[in-house]
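If you read the protein sequences in the order shown, they are chains E and Y.
Numbered by this note's numbering, the letters in the first sequence go through residues 60 to 397 in order.
Numbered by this note's numbering, the letters in the second sequence go through residues 289 to 381 in order.
Heads up, the thing below is written out as structure tokens.
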Amino acid sequence: MEGGAIVNDQLGGKATAAKPRDATAPMTFGESYLAVPDLFPARQSGEPWGPERIVLHFAGNAYVCEGLSPNQATGLRAKFGSLARDTLDGPRPAVVVRIFRVASSDFVVDEREWEFEFDLDYARDALGVAGFHMMARLDFVPRLSAALWTSEDDLLVERSIFENLLRIVVAYHMLEQGGVLLHSAGVADERGARVFFGPSGAGKSTIARLGIASRRSVLSDDMNALRLERGALVVEKLPFSGDFGGSADAVQGFFPVRGLYRLEKGAAYATRTLRPASAIAALLECAPFVNRNPFRYEELMRNLEDLHERAPVQVLTFAPNESAWEGLEARHVPSQVA
Amino acid sequence: MTDATTVFRTRSDARYRNIGGEGIVVRQAVGEVLVLNEVGVRVLDLLAVGKPVGQLIGTLAAEYEVDSVTLERDVLAYIQELLDAGIVEARSG
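Spelled out as structure tokens, the structure:
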């Protein structure tokens, strides 16, 4: 009789620019970043930075950013380009993100280099975030909204303070909509997009570059949103920085998912189908910001099980040359269940 | 020390889910996810209903074609793995 096997994977929850602090570290929420952690805001209120308002449109949703200073608004418009508009459109309710001004003395003052780590504090109806020169909260009731308190004007955009919060907001928004934000590379052509995920160093950027070399388009090699569009599983690039985040090779819009692939290092092209438990565990590993939230565990697992029903996961190893894409096309099996 | 009367239970921070006959155990607090094969799932299911180790081994003996010495050795070794991985703990009392 073969003994039960245990395979360990890590819930890294890592984003390119920012990552949650190790939960095993003996610290209370925010004490590395906030001068007085007990004064973390209990609700979304405070002094806005300014009167400016921008609406960001992506992933089938709208994110209304209020309370911006003129400098911050200029920075966001420059960063998000055509995704940043002045008006709402579309049927779905928007997610409001409020920007408040606080003093630099609200944060721990020391000589550290700028850090992109942050603490997360999980509760049933809210999520607390504390980081370098910022603190934020997401409230899930009555609907998802967020507030950010920061001492930084120009640096809101330059140091990715806003972007790092937006990643978290989008992760929870996708969760509520039956999808998932996946640390992944998405590569598209006229027939749809393949999504490649795995831990850092598994080859996401490499497979994306090989896709470009074979005349395909990259959505993102950092984070993509898997969501349902009229009942079909689609993937959409998110406007977050990665190697391809701001490049001309990155495309906008959403694409039907042609395949989900977990990348593993290997010397030659090979694929194998993962059994459901291993597939869902692999997806869970790459779902940042939500995969360690005990209050959203059931919701996340339901979404991942549904996702896997629609697009079974294959393991892909490949040599870093054009044979990877030749192999994928030669062995393509339609992924979505009709 | 594990003996035939020892009863184990899944730890409160280990969330277990049966998917297609295999199991996923997630320990969110430490950021770990583990996949159990069918045998591992069966052992965890039997532990979950409070079977002492001796009864658990007896149940598995009726379900699998394996000699009793090998079965007992493998089950005890596997339970130790589950203990070491922080998935189960011995119930007191």
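Note that beta-carbon positions come from the ideal geometry of N, C-alpha and C, so glycine has one too.
- The beta-carbon of Gly308(Y) is placed less than 7 Å from the nearest beta-carbon of chain E.
- Under the DSSP definition of a beta bridge, Gly126(E) lacks any partner.
- Chain-order list of chain E residues neighbouring Gly311(Y): Ala336, by C-beta distance under 8 Å.
- Interface residue (Cβ-Cβ distance to chain Y less than 7 Å): Ile227(E) is not classified as such.
- In the assembly as shown, Leu98(E) is an exposed residue. Its beta-carbon has fewer than 16 other beta-carbons within 10 Å.
- At least one CB of chain E lies nearer than 7 Å to the CB of Arg303(Y).
- Within the DSSP bridge table, the entry for Arg196(E) names Gly187(E), Ala206(E) as partners.
- Leu215(E) is positioned such that its CB atom lies no closer than 7 Å to that of Glu358(E).
- DSSP, reduced to helix, strand and coil, places Arg361(E) within a helical segment of the structure shown.
- Counting along the chain, no alpha helix (DSSP H) covers Arg286(E); the unbroken beta strand (DSSP E) around it starts and ends at 282-288.
- At a cut-off of 7 Å between beta-carbon atoms, Arg351(E) makes contact with chain Y.
- The beta-carbon of Gln316(Y) is placed less than 7 Å from the nearest beta-carbon of chain E.
- When DSSP reads this structure, Ser279(E) sits in a beta bridge with Gly245(E).
- Chain-order list of chain Y residues neighbouring Met360(E): Arg305, by C-beta distance under 7 Å.
- Secondary structure of Val161(E) (DSSP, three-state): coil.
- With a threshold of 16 other beta carbon atoms within 10 Å, Asp178(E) meets it and is buried.
- Interface annotation for the region 318-342 of chain Y against chain E: Val318, Gly319, Glu320, Val321, Leu322, Val323, Leu324, Asn325, Glu326, Val327, Gly328, Val329, Arg330, Val331, Leu332, criterion Cβ-Cβ distance under 9 Å.
- Boundaries of the beta strand (DSSP E) harbouring Pro315(E): 313-322, taken from the DSSP string.
- What Tyr356(E) touches in chain Y, judged by beta-carbon distance under 8 Å, is Arg303, Val314, Gln316, going in chain order.
- Residue pairing for His232(E): DSSP places it in no beta bridge.
- Looking only at Glu320(Y), Ile307(Y), Thr290(Y), the smallest Cα-Cα distance to Gly374(Y) is reached by Glu320(Y).
- A distance of 7 Å or more separates the beta carbons of Ala121(E) and Leu142(E).
- Listed along the chain, the chain Y residues whose CB falls inside 9 Å of the CB of Leu179(E) amount to none; the nearest CB is some 11 Å away.
- For Tyr328(E), no beta strand (DSSP E) run applies, since DSSP gives it neither H nor E.
- In this model, Ala302(Y) and Arg183(E) are separated by some 18 Å (Cα to Cα).
- The C-beta distance from His232(E) to Val154(E) rounds to 6 Å, short enough to meet the 8 Å contact threshold.
- Checking the DSSP bridge columns, you'll see Glu310(Y) partnered with Ile307(Y).
- Pro298(E) and Phe159(E) have their C-alpha atoms spaced approximately 23 Å apart.
- Counting along the chain, Gln373(E) sits inside no alpha helix (DSSP H); it lies in the beta strand (DSSP E) bounded by residues 372-376.
- For Leu370(Y), no beta strand (DSSP E) run applies; the uninterrupted alpha helix (DSSP H) run containing it begins and ends at 356-372, by DSSP.
- A straight-line Cα-Cα distance of about 15 Å links Thr332(E) and Gly257(E).
- Thr358(Y) and Ala272(E) have their C-alpha atoms some 55 Å from each other.
- Under the Cβ distance rule, Leu197(E) does not count among the residues neighbouring chain Y, no pair being separated by less than 7 Å.
- Shown here, Asp178(E) sits in a strand according to DSSP, grouped into three states.
- At least 7 Å separates the beta-carbon of Val246(E) from that of Ala261(E).
- Apart from the 5 residues on each side of it in sequence, Glu310(Y) sits with its Cβ closer than 7 Å to the Cβ of Val323, Leu324, Asn325, Glu326, Val329 in its chain, given in chain order.
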